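*Asks:* Submitted below is the structure of interest, expressed as structure tokens.
Protein chains: 2
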Amino acid sequence: MSDMLNRSLLPILRPESVAVIGASDTPSRIGGRPIHSMKTMGYTGRIHPVNPRRETVQGLPAFASIRDVPEPVDCALVAVPAAIAVGAIRDCAECGVKSAVVFTSGFAEQGEDGAVAQREIARIARDSGMRIVGPNCLGVFAMDSGWYGTFTNAPAMIERPPGPVGIVSQSGAYGSHVLIVAQKRGVGANYWVTTGNECDVEIGEVIDFFVDSPEVGIVVAYAEGIRDAARLRQALGKARDARKPVIFMKVGRTGEGARAAASHTASLAGSDAVYEALFRQYGVYRAGTTEELVDIAYACQYGSYPAGRRVALQTISGGVGVQMADDAVRYGLEVAPLPQPVQARLKTLIPFAGTHNPVDFTAQALNEPDLMLKNIGLTIEEAEYDSHIVFMTTVPATPFMKEPCADLFRTVRERWPGVPMIMSLVGGRDVVEAYEKLGYPVFEDPSLAVRALAALTRFGEAFGRGAGRAPPEPPAGMLPVPAAPAGERDALAVLASAGIPVVGASLAATPDEAVAAAAALGGPCALKIASPDILHKTEIGGVLLNVEGDTAVADGARTLLRRAAERAPEARVDGVLVSGMVAGGVETVLGAVCDPVFGPAVMFGLGGVFVEALEDVSFRLAPFGVDEAHRMIGEIRGRAVLDGVRGAPPADLDALADALARLSVFAAANAGRIESVDINPFIALPEGGVAADALIVPQAG
Amino acid sequence: MSDMLNRSLLPILRPESVAVIGASDTPSRIGGRPIHSMKTMGYTGRIHPVNPRRETVQGLPAFASIRDVPEPVDCALVAVPAAIAVGAIRDCAECGVKSAVVFTSGFAEQGEDGAVAQREIARIARDSGMRIVGPNCLGVFAMDSGWYGTFTNAPAMIERPPGPVGIVSQSGAYGSHVLIVAQKRGVGANYWVTTGNECDVEIGEVIDFFVDSPEVGIVVAYAEGIRDAARLRQALGKARDARKPVIFMKVGRTGEGARAAASHTASLAGSDAVYEALFRQYGVYRAGTTEELVDIAYACQYGSYPAGRRVALQTISGGVGVQMADDAVRYGLEVAPLPQPVQARLKTLIPFAGTHNPVDFTAQALNEPDLMLKNIGLTIEEAEYDSHIVFMTTVPATPFMKEPCADLFRTVRERWPGVPMIMSLVGGRDVVEAYEKLGYPVFEDPSLAVRALAALTRFGEAFGRGAGRAPPEPPAGMLPVPAAPAGERDALAVLASAGIPVVGASLAATPDEAVAAAAALGGPCALKIASPDILHKTEIGGVLLNVEGDTAVADGARTLLRRAAERAPEARVDGVLVSGMVAGGVETVLGAVCDPVFGPAVMFGLGGVFVEALEDVSFRLAPFGVDEAHRMIGEIRGRAVLDGVRGAPPADLDALADALARLSVFAAANAGRIESVDINPFIALPEGGVAADALIVPQAG
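So the protein sequences, as listed, match chains A and B. The first sequence runs 2 to 702 under our numbering. The second sequence runs 2 to 702 under our numbering.
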């Protein structure tokens, strides 16, 4: 397997020889700080300062040009002004330097002139094969080797030994910030990569490299926009399959945020709903705050991902038990009650304990810590929980309780070493570290403990399910996307060829033909004006529903033809579409769009106001299989409607999922050709489902 | 004014003489710890241990009985077992002790026997006038006087001087927890009250006392259930009028949580939607986590509540600027752009800065801190913002930047002392405290800084608006609540008498009368079966809409009468109700319920699936005026529907608010008589609105 590992960033992250272009003798300057950091932090490779005006730099022999460096260089740090940076980078490429990290700013982030220069750098990378990080980045480092190719002062604030976290951030300032906050939280990082303007190395490739690096077990990522979506998807899928959690902060969720992102870097900001889809699809945890990002990474360090959602809550405060139960439900965990016989046994141990789940030790446990051990043991051994949280407030830091409490939880770890268990306690750093050493993630706030456990559980589920069932095969004879926007009849025909069930319908040129068509269908029918030029039929009163009987059908057809002539006199009219009425069911909307970054994506929502007023929809990137489709159906807030409200029977979710998966396959097969597909409504029936109307808009030429 | 202040808890919170019933010589025991705490922490009053088996306790002369204490006692701490506690409490009352704090557990929280004993304690309080805190509580304290009437060991962990926060918690364990977490966060508390089972003193009275105490500026409260709702409402209204923020954690939001609450204390858990209504109505901040509770109290310590929602974001990291902008929108703040001329001036200062808002200083500001001062000054002086957040990451803790940065922000405070401004920075405690001393609330996490600022802003708004317009006067001649459940006709008549517009309708006994009634209304009409026994008419097919023309009306009436005879043969049938069709508008639901704790409450939602599948409704406690009604309308997720979707005109929100306020007045006037009122639908029209159907259910028996 090892020959299949991604080693493309080895020269950048594990260089044996580095050059510093624009090296400075002053440790606080941009060209001086990396040298100073490497010298003080034990870099074991060779450092070659390049500075035409100095013999030595910080005690090292300096060279006038990269061409004078007497050995092959793995990585060059470029710390010269924008005006001469492109030339310096070209020199590096010509000398066979394997990679460059470009600190220099003044490129695509500062307008068109800068963008031109940046494209030139990208071209050098492409032509020479020299890999380039940046420009406009804060650099990279690998703590375990003392390699500090960065001019941030963050390395001076590192206080933790190297750990299993790899950090990649498009923003250098944020990358430094999250590193230091992580240090304070007890999170050990090793690799740190800021990608800046990403003219060559992008965040997806860095994640991919991390996944293949045995030193990295957890990925922390920050992005404002993504350039190479396929690369990112591939890396995220690989991370999931390798059981390496990815915790991602993607900013620009709202209008204001996205605007600030656009003005900050030269990012392509895809629509947030599509990012959300990406993260859900690949089991990535999206953090909303830095605290959350770091908290989840912290919890992941213990490497214990629950197999399911059933959590046992144990607490020394009943009130906090209630709060944790609230939180657990909010975060999607299951607070299942203890089996009755176990509750009965707990009651014999502590008569006044709450035993249902949460289990409330009560203050009595303080007098007899052994009772807590018995409580915890019973909960672990006699019930089927996937994970545990124990809330101890300040007890583990309290003079008389400190020792017995530590003994108790040491015993718990010894007896049940594999059980996922988080501690919530309040104490000084010494107390926290003592429990961490025993193998417990420690959270001061019980609600944040629940949030972290829910994240671990979601990772456990994502690792367990993997990619899920494959997308269905595209049917033979799938029709092409129409060349012009196509409404009901043509659109449904195309979708039917893609394997999506559609309502039966026939075109009637005259009222008499409509009567005949209705008679052939039997029962009440729907009449709709048929015209390639009238895509929004209701706006001209072009739809009549539930029409029954020859006279009514003939009258209706005449009415529609008259309205079309009056209200859309320019439109070509083919006649009237006669289709069966679908009785009952739930109106849903299935859609596909082509995201400028991620390509075809499929949307699901309930009809009408759910989509329009509530924006209650979920997305997935195409193509996907029915497992993923079921998950996207489950994400909408109004999903209870599908279970049946007011005594209605539940909708056939398998049929709905199948239609979504098939639409995703159609969209993926037509990437670049479709602008959008709307199946509105797709009527989800108690058995099966049917597309009753649709609109396909091809991409403009 | 001072004679109107609530001083009812003075003997409990500012006692000059205390007795400890069950005093122990051992400082770690329940009866020993309060004495130990008071002695070591400088209590200035007199302490009288009561213990029949000892001459002295912890060096103080002990008495065999409370009766032997030679002076009037303000507060007795009761630390004896449940079996003798009631007698001890009775003795205290008989001796004229002014108040008692009962630590003893084993009362209502442990079943019916305990509840009986607790009722006896309550009776003693009522009969004697002696105020009682507890039973089953951890006690009370007032730090500034060294009064520690508590057996928690939390006092030993206090590291901050007394501050403006008053803490009241039903749970003793949680009260201790939040105190210590608050200490760690830099929040100074003074009063701390745990109310336990609340046989006499309840959380509402404690808040009321806090509001009237000059030592308290901020109230932190924790509750699992409320007993005296009126008292709590009065206290919360008073806090708002006194501009004292109340930050509340109410647990038991979800089914699991509420169940745990019920098993933990003998609380009456009102429905969570009604608590949510209470908090919104009175401008209370509901915290979801302890971290949030403490963070908001921390920010309130600076006493600066923005007058509006416009926030200026300044940042040294563009990425964090995006994140803060996202957060600000999520928390309801407005990230309005800087005026163009100001942006132009900023551009001349830092050419590459983001100037829109967020303002991105960029790293250049690190070289010239003076630029940041100019940036901040322009944003304060030349634009109309209500508040500011400045994100500095680790810069204020960085060796070369530490001094200039502190100078800069000292200058900002001196020049613009009143401006609400939060700092987000990462540094050690010394750095954080230096900025706190300058008057800046400090948050490590920028997202949590935004959350806190949003909370301050919500307090500012609530303080500014006060109680809002009063509820409308009940109209003269308002009809009484029907004695039995009443459907459309009778219910609408009652609601019309309460000033709510209702649809015109008349009762037709025969098809002919229906034709005449329809002709009198003109246009299409609705026909509905009229029977006091058929409350859900659609279930028997008893509603026909949009009926027009004499034949159709007569046919329709006959159909309804036949269906009633066939499908509800037992029902008394009055005939057919003929009412005008309301064209257009948005279907909404107005409801009233009687909450077991808080009494009448009014609900608002959109019709159909919005209420049923999404539970997208908002509540308010009755009665209220139109301002409050407008706010509850604004809270539903689907509110965009009221603004008009698909080209529909916006609904008349004033008319809707008026109907809600009038319904609230009706519900309040009939507290105890109504079980529920449903106006479904109330059709909100472009001008006005009309109740089209209703159901009033009186309270049983």
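Beta carbons: idealized from backbone N, C-alpha and C, even for Gly. In this text, all values refer to a predicted model and were calculated from it rather than measured experimentally.
Secondary structure at residue 606 of chain A, three-state DSSP: helix, strand or coil?
*Replies:* Along the first sequence, one-based indexing puts residue 606 of chain A at 605. If DSSP states are grouped into helix, strand and coil, residue 606 of chain A belongs with the strands.
*Asks:* Does the count of Cβ pairs from the stretch 444-460 of chain A and the stretch 489-503 of chain A closer than 8 Å reach three?
*Replies:* no
*Asks:* Rounded to whole angstroms, what is the Cα-Cα separation between residue 10 of chain B and residue 210 of chain B?
*Replies:* Here residue 10 of chain B refers to the residue found at position 9 of the second sequence. Here residue 210 of chain B refers to the residue found at position 209 of the second sequence. Each residue's Cα considered, the two are about 7 Å apart.
*Asks:* Per DSSP, what kind of secondary structure is residue 341 of chain B in: helix, strand or coil?
*Replies:* Taking the second sequence and counting its residues from 1, the one referred to as residue 341 of chain B is at position 340. Three-state DSSP puts residue 341 of chain B in a helix.
*Asks:* Cβ closer than 8 Å: which chain A residues qualify as neighbours of residue 182 of chain B?
*Replies:* Along the second sequence, read from residue 1 onward, the residue named residue 182 of chain B stands at position 181. 427, 445 and 446, listed in chain order.
*Asks:* How far does the beta strand (DSSP E) with residue 680 of chain B in it extend, from its first residue to its last?
*Replies:* Translated into the one-based positions of the second sequence, residue 680 of chain B becomes position 679. Its beta strand (DSSP E) spans residues 675-685.
*Asks:* Secondary structure at residue 131 of chain A, three-state DSSP: helix, strand or coil?
*Replies:* The count along the first sequence starts at 1 and reaches residue 131 of chain A at position 130. Residue 131 of chain A falls in the coil class under three-state DSSP.
*Asks:* Taking 8 Å as the CB-CB cut-off, is residue 324 of chain B touching chain A?
*Replies:* Locating residue 324 of chain B in the second sequence gives position 323, where the first residue counts as 1. Closer than 8 Å to some Cβ of chain A, the Cβ of residue 324 of chain B qualifies, so yes.
*Asks:* Which term fits residue 312 of chain A, buried or exposed, when burial requires 16 or more other beta carbons within 10 angstroms of its beta carbon?
*Replies:* For this step, residue 312 of chain A is matched to residue 311 along the first sequence. Classification for residue 312 of chain A: buried.
*Asks:* What are the residues that DSSP puts in a beta bridge with residue 250 of chain B?
*Replies:* Start at 1 with the first residue of the second sequence, and residue 250 of chain B comes out as number 249. Paired residue(s): B/223.
*Asks:* What's the gap between the Cα of residue 374 of chain A and the Cα of residue 440 of chain A?
*Replies:* Residue numbering aside, residue 374 of chain A sits at position 373 when the first sequence is read from its first letter. Residue numbering aside, residue 440 of chain A sits at position 439 when the first sequence is read from its first letter. Distance between the alpha carbons of residue 374 of chain A and residue 440 of chain A: 17 Å.
*Asks:* On the CB-based measure, 16 or more other CB atoms within 10 Å of its CB, does residue 667 of chain A come out buried or exposed?
*Replies:* Here residue 667 of chain A refers to the residue found at position 666 when the first sequence is read from its first residue. The residue in question, residue 667 of chain A, is buried, as its Cβ has 16 or more Cβ neighbours within 10 Å.
*Asks:* Please report the residue range of the beta strand (DSSP E) in which residue 699 of chain B lies.
*Replies:* By one-based count along the second sequence, residue 699 of chain B stands at place 698. DSSP places residue 699 of chain B inside the beta strand (DSSP E), whose first and last residues are 695-699.
*Asks:* Applying the 10 Å Cβ sphere with the 16-neighbour rule, what's the burial state of residue 394 of chain A?
*Replies:* For this step, residue 394 of chain A is matched to residue 393 along the first sequence. Residue 394 of chain A should be labelled buried.
*Asks:* Any idea what DSSP makes of residue 390 of chain A, helix, strand or coil?
*Replies:* Reading the first sequence from its first residue, position 389 is the one you call residue 390 of chain A. Note: residue 390 of chain A maps to strand in three-state DSSP.
*Asks:* Between residue 249 of chain B and chain A, is the shortest Cβ-Cβ distance under 8 Å, so that the two count as touching?
*Replies:* Taking the first residue of the second sequence as 1, we reach residue 249 of chain B at position 248. Not one chain A Cβ lies under 8 Å of residue 249 of chain B.
*Asks:* Looking at the unbroken beta strand (DSSP E) that takes in residue 76 of chain B, where does it start and where does it end?
*Replies:* As a first step, residue 76 of chain B is located in the second sequence; it is residue number 75 there, counting from the start. Note, residue 76 of chain B: beta strand (DSSP E), 76-79.
*Asks:* Mind checking residue 348 of chain B: buried by the 16 CB within 10 Å criterion, or exposed?
*Replies:* Numbered from 1 along the second sequence, position 347 holds the residue referred to as residue 348 of chain B. So residue 348 of chain B ends up on the exposed side.
*Asks:* Residue 762 of chain A and residue 586 of chain A look like a contact to me (Cβ under 8 Å); what is the Cβ gap, rounded to whole Å?
*Replies:* In the structure as shown, chain A starts at 2 and stops at 702, and residue 762 of chain A therefore has no counterpart that could be examined.
*Asks:* Between the Cα of residue 557 of chain A and those of A/74, A/516 and A/127, spot the shortest distance and give me the residue it belongs to.
*Replies:* By 1-based counting over the first sequence, the position of residue 557 of chain A is 556. It is A/516.
*Asks:* Which residues mark the beginning and the end of the alpha helix (DSSP H) in which residue 93 of chain A is found?
*Replies:* Here residue 93 of chain A refers to the residue found at position 92 of the first sequence. Residues 83-95.
*Asks:* Any chance you could list the beta strand (DSSP E) runs of at least 3 consecutive residues sitting entirely within the stretch 547-589 of chain B, in chain order?
*Replies:* 576-581
*Asks:* Would a check of beta-carbon distances place residue 79 of chain B closer than 8 Å to chain A?
*Replies:* Reading the second sequence from its first residue, position 78 is the one you call residue 79 of chain B. Not an interface residue.
*Asks:* Closer than 7 Å by beta-carbon distance: list the chain B residues that pair up with residue 387 of chain A, in chain order.
*Replies:* The residue you call residue 387 of chain A lines up with position 386 of the first sequence. Per Cβ cutoff of 7 Å: no residues; residue 387 of chain A is ~16 Å from chain B at best.
*Asks:* My understanding is that residue 93 of chain B touches residue 16 of chain B, with C-beta atoms under 8 Å, so please give their C-beta distance in whole angstroms.
*Replies:* The residue given as residue 93 of chain B occupies position 92 in the second sequence. The residue given as residue 16 of chain B occupies position 15 in the second sequence. That belief does not hold up - the Cβ atoms of residue 93 of chain B and residue 16 of chain B are roughly 13 Å apart, past 8 Å.
*Asks:* Pick helix, strand or coil for residue 1 of chain A, following the three-state DSSP scheme.
*Replies:* The question about residue 1 of chain A has no answer, for chain A in this structure spans 2 to 702.
*Asks:* Once the 5 residues before and after residue 682 of chain A are set aside, which same chain residues still bring their CB inside 6 Å of it?
*Replies:* In the first sequence, counting from the first residue as 1, residue 682 of chain A sits at position 681. Only 588, 608 and 693 meet the Cβ criterion.
*Asks:* Hey, which unbroken runs of the alpha helix (DSSP H) at 4 residues or more fall wholly within the stretch 611-658 of chain A?
*Replies:* 627-635
*Asks:* Give a yes or no on contact between the stretch 56-68 of chain A and the stretch 156-170 of chain A, applying the rule of three or more CB pairs nearer than 8 Å.
*Replies:* no
*Asks:* Does any residue of chain B have a CB that is nearer than 8 Å to the CB of residue 638 of chain A?
*Replies:* Locating residue 638 of chain A in the first sequence gives position 637, counting from the first residue. At least one chain B Cβ lies under 8 Å of residue 638 of chain A.
*Asks:* Is residue 383 of chain A close to chain B? Criterion is C-beta to C-beta, closer than 8 Å.
*Replies:* Within the first sequence, the letter at position 382 stands for residue 383 of chain A. It does not: the Cβ of residue 383 of chain A has no partner Cβ on chain B nearer than 8 Å.
*Asks:* Closer than 8 Å, CB to CB, is residue 41 of chain B near chain A or not?
*Replies:* The residue given as residue 41 of chain B occupies position 40 in the second sequence. No, no contact with chain A.
*Asks:* For a minimum of 3 consecutive residues, which ranges assigned as the beta strand (DSSP E) are wholly contained in the stretch 413-448 of chain A?
*Replies:* Runs of the beta strand (DSSP E) spanning 3 or more residues and lying entirely within the stretch 413-448 of chain A occur at 422-426, in chain order.
*Asks:* Could you confirm whether any beta carbon from chain C is found closer than 8 Å to the beta carbon of residue 149 of chain A?
*Replies:* In the structure shown, chain C does not exist; the protein chains are A and B.
*Asks:* Straight-line CA distance for residue 196 of chain B to residue 433 of chain A?
*Replies:* The residue labelled residue 196 of chain B in the question sits at position 195 within the second sequence. The residue labelled residue 433 of chain A in the question sits at position 432 within the first sequence. Residue 196 of chain B and residue 433 of chain A have their C-alpha atoms spaced approximately 31 Å apart.
*Asks:* Below 8 Å between beta carbons: does that hold for residue 360 of chain B and residue 315 of chain B?
*Replies:* In the second sequence, counting from the first residue as 1, residue 360 of chain B sits at position 359. In the second sequence, counting from the first residue as 1, residue 315 of chain B sits at position 314. For residue 360 of chain B and residue 315 of chain B, yes; Cβs fall inside 8 Å.
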